[in-house]
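A short worksheet on the structure shown next.
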Amino acid sequence: MLKKNLHPSDEDLLLFSDGELSARGAARVRRHLAACWNCRARAAKIEAAIGEFMEIHGQTFGLTWPPIAGPRALLRARLAEASLNRDRDGGQPSFLSAKARGLAYVCALLLLVALGTRVLIRHARGHETAEYGGLLPNPTLTPGVTRPVALGDLCSMDHDEVVLPISDILRQQVFDEYGMQGEPFENYEVDYLITPGLGGSEDLRNLWPQPRYNATWNSFVKDRLEDYLHQMVCQRKLNLATAQKDVARNWISAYQKYFHTNVPLSQDASGVQTLPLHVKRVDFIPLGDTRPTRSKLYWTFLPMASTED
Amino acid sequence: MQIPPTDSVDRLLFVATGKTASWKSSEMEEHVIALYEQFRNPILRYVLAFGLSLQDGEEVAQEVFLALFRHVTKEKPRQNLRGWIFSVAHNLALKQRQANRRLPDRNGSAEIVAVNKPDPSPDPEEQVLSKERQARLLAFLDILPEQDRCCLCLRAEGLRYREISSVVGISLGAVSASLARSLTRLMGAYDR
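So the sequence lines, in the order shown, correspond to chains A and B. For the first sequence, this note's numbering assigns the number 309 to the last residue and increments by one with no breaks. For the second sequence, this note's numbering assigns the number 1192 to the last residue and increments by one with no breaks.
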């Protein structure tokens, strides 16, 4: 530290310049600098070095950063998830009274009964689901939801144009609903049960993770059915509500009913000949992106096109 | 962008009142997002000086603010949050660099060059000079001991000595000695 009648060290000058000296120490350095050209020159040199450093530092690391919108949206999603976990787990452990504990036991028992009943009901009506190896959504989780829409609005656009990509947040919520945390996204396509082109809504109860890698009743076959039903509805050959009900109940049965076949038409299953180049369903659109890239589309398209029954 | 002074950061998170206990998650999220908007670039600048790629830097910044969210929701001490934010960034950057060393292909320096701001000077000679100066600074930072480099970069981001001391984990005296040492070396480097 600065001694009386001695020149301040470089460190003292820096502390002074950075405002880190005590009031007394600063006053002493100020007095010294007023009288000593040599130390003023040193202080100026230090200041110049700082100035030079900051200028180049700014140029070197003052980069043109990528826009913040994407990372901010990602952080927002991650915070929302953390909040959910917090709300789920964050309750402080509290001591319940005997009465409250009894009530909790009764609730738990009722819940068990309800769950058991649900399982039994699902088992009773679940033969067709099992028959298609999980290619149909869980009817409890995904009963299908529609939105109020005028037929004119639906038919004013091509079916493909009505379908919106599904956000990452919604996709994750669907996976969570189905208890598929940790499952690789790329093996599934989160799909609308009732497609927006038939008035389906972007609602958790209208979305389910459809396995990609199945050559028979795959997403391309469902696309074909949706295109066809959209066309029929817009030509007034089929009632919209009927189309919605049929797809929601069992889209595979609906395909068999409308195409009069028990197996998908070969060109539908391959997806190669019937799909337009702009494949309508696009997964993995990073937050912040507004348009899918060609490579992502190709990536989505390729595995399905290469499979054979 | 200059980072906000520490007292404004502390005010933002209601240090004194402990009001965060009654906050809804959404309110807390908005505060953390607001801080992220202010600190993202300074943190990127700081962690890139560790040789991380921009992608790794972005991930570090995300992790810092997720950690901040957990920190404030758990009602942990909220004094010197600006220092705390840089401490977490510092530790995560070291961890990431350690992980990258196991992967020989991961190298951030090329990416730094790739996203550099274009030199506004139309004079080609000035552009060459500017590039030389940048290269000299990078070389200078490269040979500085890690602790000195951290102190210098944190001071350049506007942190006070006590904040730097808490981030790097050294005494106040060591911070001032480190900065003085680095500046002396810097002056020597420019004199040459």
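Every residue, glycine too, gets a C-beta built ideally from N, C-alpha and C.
Residue i - DSSP class collapsed to helix/strand/coil
{"i": "residue 93 of chain A", "result": "Because residue 93 of chain A sits at a pLDDT of 39, beneath the cut-off of 50, its placement in the model cannot be relied upon, and the following sentence gives the value as read from the coordinates. In the structure shown, residue 93 of chain A sits in coil (DSSP, three-state: anything other than H, G, I, E or B)."}
{"i": "residue 140 of chain A", "result": "coil"}
{"i": "residue 1084 of chain B", "result": "helix"}
{"i": "residue 178 of chain A", "result": "coil"}
{"i": "residue 261 of chain A", "result": "coil"}
{"i": "residue 1184 of chain B", "result": "helix"}
{"i": "residue 1059 of chain B", "result": "helix"}
{"i": "residue 1098 of chain B", "result": "helix"}
{"i": "residue 21 of chain A", "result": "coil"}
{"i": "residue 1051 of chain B", "result": "coil"}
{"i": "residue 1109 of chain B", "result": "For residue 1109 of chain B, the predicted model reports a pLDDT of 46, less than 50, meaning its position is unreliable and no value from the coordinates is stated."}
{"i": "residue 296 of chain A", "result": "Only weak support is given to the placement of residue 296 of chain A: the predicted model assigns it a pLDDT of 30, under 50, and the value that follows is read from those uncertain coordinates. In the structure shown, residue 296 of chain A sits in a helix (DSSP, three-state: H, G or I)."}
{"i": "residue 199 of chain A", "result": "coil"}
{"i": "residue 1142 of chain B", "result": "helix"}
{"i": "residue 208 of chain A", "result": "strand"}
{"i": "residue 1073 of chain B", "result": "helix"}
{"i": "residue 1123 of chain B", "result": "coil"}
{"i": "residue 242 of chain A", "result": "helix"}
{"i": "residue 113 of chain A", "result": "helix"}
{"i": "residue 146 of chain A", "result": "strand"}
{"i": "residue 189 of chain A", "result": "strand"}
{"i": "residue 71 of chain A", "result": "helix"}
{"i": "residue 37 of chain A", "result": "helix"}
{"i": "residue 235 of chain A", "result": "coil"}
{"i": "residue 171 of chain A", "result": "helix"}
{"i": "residue 252 of chain A", "result": "helix"}
7 Å Cβ cutoff met for residue i and residue j
{"i": "residue 1151 of chain B", "j": "residue 1164 of chain B", "result": "yes"}
{"i": "residue 205 of chain A", "j": "residue 142 of chain A", "result": "yes"}
{"i": "residue 211 of chain A", "j": "residue 190 of chain A", "result": "no"}
{"i": "residue 1093 of chain B", "j": "residue 1060 of chain B", "result": "yes"}
{"i": "residue 40 of chain A", "j": "residue 33 of chain A", "result": "yes"}
{"i": "residue 195 of chain A", "j": "residue 1137 of chain B", "result": "no"}
{"i": "residue 1069 of chain B", "j": "residue 49 of chain A", "result": "no"}
{"i": "residue 1180 of chain B", "j": "residue 14 of chain A", "result": "yes"}
{"i": "residue 1161 of chain B", "j": "residue 20 of chain A", "result": "yes"}
{"i": "residue 1182 of chain B", "j": "residue 1148 of chain B", "result": "yes"}
{"i": "residue 71 of chain A", "j": "residue 1058 of chain B", "result": "yes"}
{"i": "residue 144 of chain A", "j": "residue 84 of chain A", "result": "no"}
{"i": "residue 1133 of chain B", "j": "residue 56 of chain A", "result": "yes"}
{"i": "residue 115 of chain A", "j": "residue 217 of chain A", "result": "no"}
Residue i to residue j span [Cα, whole Å]
{"i": "residue 36 of chain A", "j": "residue 43 of chain A", "result": "11 Å"}
{"i": "residue 239 of chain A", "j": "residue 230 of chain A", "result": "10 Å"}
{"i": "residue 199 of chain A", "j": "residue 265 of chain A", "result": "25 Å"}
{"i": "residue 247 of chain A", "j": "residue 188 of chain A", "result": "19 Å"}
{"i": "residue 184 of chain A", "j": "residue 254 of chain A", "result": "29 Å"}
{"i": "residue 174 of chain A", "j": "residue 222 of chain A", "result": "19 Å"}
{"i": "residue 241 of chain A", "j": "residue 151 of chain A", "result": "11 Å"}
{"i": "residue 77 of chain A", "j": "residue 1028 of chain B", "result": "13 Å"}
{"i": "residue 9 of chain A", "j": "residue 17 of chain A", "result": "12 Å"}
{"i": "residue 262 of chain A", "j": "residue 181 of chain A", "result": "34 Å"}
{"i": "residue 112 of chain A", "j": "residue 170 of chain A", "result": "28 Å"}
{"i": "residue 53 of chain A", "j": "residue 1178 of chain B", "result": "15 Å"}
{"i": "residue 1167 of chain B", "j": "residue 1159 of chain B", "result": "10 Å"}
{"i": "residue 140 of chain A", "j": "residue 108 of chain A", "result": "20 Å"}
{"i": "residue 275 of chain A", "j": "residue 224 of chain A", "result": "For residue 275 of chain A, the predicted structure reports a pLDDT of 36, less than 50, and the residue's modelled location is therefore unreliable. The matter cannot be settled from this model."}
{"i": "residue 103 of chain A", "j": "residue 176 of chain A", "result": "29 Å"}
{"i": "residue 245 of chain A", "j": "residue 68 of chain A", "result": "43 Å"}
{"i": "residue 220 of chain A", "j": "residue 1131 of chain B", "result": "54 Å"}
{"i": "residue 1129 of chain B", "j": "residue 58 of chain A", "result": "15 Å"}
{"i": "residue 252 of chain A", "j": "residue 207 of chain A", "result": "16 Å"}
{"i": "residue 227 of chain A", "j": "residue 243 of chain A", "result": "12 Å"}
{"i": "residue 1043 of chain B", "j": "residue 257 of chain A", "result": "60 Å"}
Residue nearest to residue i in terms of C-alpha spacing, selected from the options
{"i": "residue 1055 of chain B", "options": "A/47, A/51, A/53, A/66", "result": "A/66"}
{"i": "residue 51 of chain A", "options": "B/1155, B/1079, B/1030", "result": "B/1155"}
{"i": "residue 1030 of chain B", "options": "B/1058, B/1043, B/1178, B/1065", "result": "B/1065"}
{"i": "residue 1053 of chain B", "options": "B/1079, B/1080, B/1067, B/1097", "result": "B/1097"}
{"i": "residue 172 of chain A", "options": "A/115, A/80, A/243", "result": "A/80"}
{"i": "residue 179 of chain A", "options": "A/243, A/138, A/227, A/106", "result": "A/138"}
{"i": "residue 1051 of chain B", "options": "B/1125, B/1026, B/1128, B/1143", "result": "B/1143"}
{"i": "residue 1189 of chain B", "options": "B/1139, B/1146, B/1124", "result": "B/1139"}
{"i": "residue 1201 of chain B", "options": "B/1072, B/1141, B/1171", "result": "Limits of chain B in this structure are 1001 at one end and 1192 at the other, which puts residue 1201 of chain B out of reach."}
{"i": "residue 1145 of chain B", "options": "B/1185, B/1126, B/1043, B/1123", "result": "B/1185"}
{"i": "residue 1187 of chain B", "options": "A/249, A/167, A/45", "result": "A/45"}
Check: residue i C-beta below 6 Å from any heavy atom of the ligand MG
{"i": "residue 69 of chain A", "result": "Looking for the ligand MG in the displayed structure turns up nothing, as the structure carries no ligands at all."}
Would you check if there are 3 or more beta carbon pairs closer than 8 Å linking the region 1039 to 1048 of chain B to the region 1075 to 1089 of chain B? yes
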